[in-house]
Amino acid sequence: MANRTAVLETAKGTIKFELKESEAPITTRNFITLAEKGFYNGLTFHRVIRKFMIQGGCPKGNGTGGPGYTIKDEFHPELKHTKGAVSMANAGPNTGGSQFFITEEPQPHLDGHHSVFGQVTEGQDVVEKIKQGDRILKVTIV
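Here you go:
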């Protein structure tokens with residue numbers, strides 16, 4: 002089965018990323034379920050650090066919110082925090098939920114601490130244009 006793609010629409014443009022369903026099945030299933038429910042639509046990128054990452058998926062808009070549950074971390078040896086990696090934000094081991102981030106540059110120090118579950122295939126230039134407070138208009142899974 003081919004991996005599905007997440008299409009993340011913003012006012013700055015579209016970001017597409019391949020979901021690594023075989024390597025991170027729990028994390029991708031969680032992201033897909035939330036996206037298909039419309040959970041991410043209208044949420045902001047509440048944390049943006051240039052040359053590091055953009056982070057979104059918090060329903061409170063301040064980094065403290067989530068979907069009301071947590072998921073187990075998944076670390077796959079082939080999934081690294083390269084440029085354009087899509088990974089789960091967390092507050093410690095096994096605390097991921099809905100918040101995710103996309104790297105602007107390689108961040109190897111995050112490997113083994115955050116679950117990578119996708120890789121940007123189109124729109125890395127859009128990632129680098131996102132500013133704190135910009136909204137995720139819609140996430141579609143194709």
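Going by the numbering used here, 74 is the number at position 73 of the sequence shown; the sequence numbering is gapless. For each residue, glycine too, the CB sits at the ideal point set by N, CA and C. Quick caveat, the model's predicted, so the values are computed rather than measured.
Euclidean distance between Cα positions of residue i and residue j
{"i": "I72", "j": "Q100", "result": "11 Å"}
{"i": "V127", "j": "P107", "result": "17 Å"}
{"i": "D112", "j": "A12", "result": "30 Å"}
{"i": "F118", "j": "M89", "result": "8 Å"}
{"i": "T15", "j": "K139", "result": "10 Å"}
{"i": "G124", "j": "K17", "result": "6 Å"}
{"i": "K132", "j": "I50", "result": "9 Å"}
CB contact flag (residue i, residue j, <9 Å)
{"i": "T45", "j": "G62", "result": "yes"}
{"i": "G58", "j": "I137", "result": "yes"}
{"i": "A7", "j": "T141", "result": "yes"}
Sheet register partners of residue i (DSSP bridge)
{"i": "R5", "result": "DSSP, once it has assigned bridges, lists no residue as partnering R5."}
Residue nearest to residue i in terms of C-alpha spacing, selected from the options
{"i": "G196", "options": "F40, D74 and H77", "result": "In the structure as shown, the chain begins at 2 and stops at 143. Residue 196 is therefore absent and cannot be evaluated."}
{"i": "K21", "options": "G98, F76, T96 and G93", "result": "F76"}
Restricting to runs no shorter than 3 residues, where is the beta strand (DSSP E) found entirely within the stretch 49-96? 54-57 and 86-89
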